[in-house]
Amino acid sequence: MNKINKLAKRAKTKEITKTILSICAMGGLTILASGGVRTPQKANKLVDELAKYSSSRIKECLKRLSMQNYIKYNVDDLTKPIYITKKGLERMTFLSLKDRIKSLTMKKWDHIWRLVTFDVNEKYRNRRDNFRNQLKTLNFYQLQKNIFVTPFPVEKEIEEMAKFYHLRNNVLILHVASIGSHEEKVKNYFFDSTKNKKS
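Just so we're aligned, residue 1011 is where the sequence shown starts under the numbering used here, counting upward by one.
See the structure below:
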């Protein structure tokens, strides 16, 4: 399989994953004996998205999500509802936030840096480390261990992520016009078109 096909398959898997988790979060997903799916009434808009994929592809994704502990269901009876786990809800939230942040990176820079800094007690190190790792995954530039920077207007999204990790009172987002001696290095990180930093 060539690189283009691999990327296309990865993108499809991501979309199926996001759709299944979203439906499960709304009240459960049921696979019908006919090979179709039954979803909560309020998830109707997502049904068309899921319908683009074969039943076998959906079941393959369900099996993977179950192994990753993102969903719970009875493998011997697919007519029973499939539900999202706490870990699955976290994954769905992150995928949604990542998509929103990615769309915001297309905006023209307003020459304001957003500094994200956090101070979290060692007692909550798991929350702190997860939050830090998410910022890294989202391609924020790490100035110091607990200080990250981005040029994009993602304040609302970061506040949501902090709230999700129960760190709302521990995270501070600052607007600054300059980051001093780090300026050129950080500009190159985000805006050098020869580097694939925003994957």
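Positions of the beta carbon are idealized from the N, C-alpha and C atoms, including for glycine.
Note that the structure is a prediction, hence the values are computed from the model and not measured.
With respect to 7 Å, is the separation between the Cβ of C1071 and the closest non-hydrogen atom of the ligand GTP below this value?
Looking for the ligand GTP in the displayed structure turns up nothing, as the structure carries no ligands at all.
Taking the Cβ atom as the reference point for each residue, do I1081 and I1094 lie within a distance shorter than 8 Å?
Yes, these two residues count as a Cβ contact at 8 Å.
Quick test of the definition: if touching needs 3 or more C-beta pairs under 8 Å, does the stretch 1186-1194 touch the stretch 1132-1148?
The answer is no - the stretch 1132-1148 does not touch the stretch 1186-1194, with fewer than three Cβ pairs under 8 Å.
Shortest alpha-carbon distance to V1130 belongs to which of E1059, S1076, H1176?
Cα-wise, what sits closest to V1130 is H1176.
Should R1101 be labelled buried (16 or more other beta-carbon atoms within 10 Å of its own) or exposed?
Looking at its Cβ environment, which holds 16 or more other Cβ atoms inside 10 Å, R1101 is buried.
In this structure, does DSSP put R1142 in helix, strand or coil?
Here R1142 sits in helix by DSSP.
For F1174, collect the residues of the same chain with a Cβ closer than 6 Å to its Cβ; drop the 5 residues on either side in sequence, then sort them by chain order.
Hits under 6 Å: T1103.
Where does Y1134 fall in DSSP's three states?
In the three-state reduction of the DSSP assignment, Y1134 falls in the helix class, which pools H, G and I.
Since I1111 is in the alpha helix (DSSP H), which residue starts that stretch and which ends it?
That run of the alpha helix (DSSP H) goes 1096-1114.
So, under 8 Å CB-CB, V1211 and I1111 are touching, yes? Tell me the CB distance rounded to an integer number of Å.
The structure shown does not extend to residue 1211, since the chain spans only 1011 to 1209, so no value can be given for it.
Could you give the residue range of the alpha helix (DSSP H) that holds V1196?
Element bounds for V1196: 1193-1201.
Environment of S1032 [buried if 16+ CB atoms lie within 10 Å]:
Counting Cβ neighbours within 10 Å, S1032 comes out buried, since at least 16 surround it.
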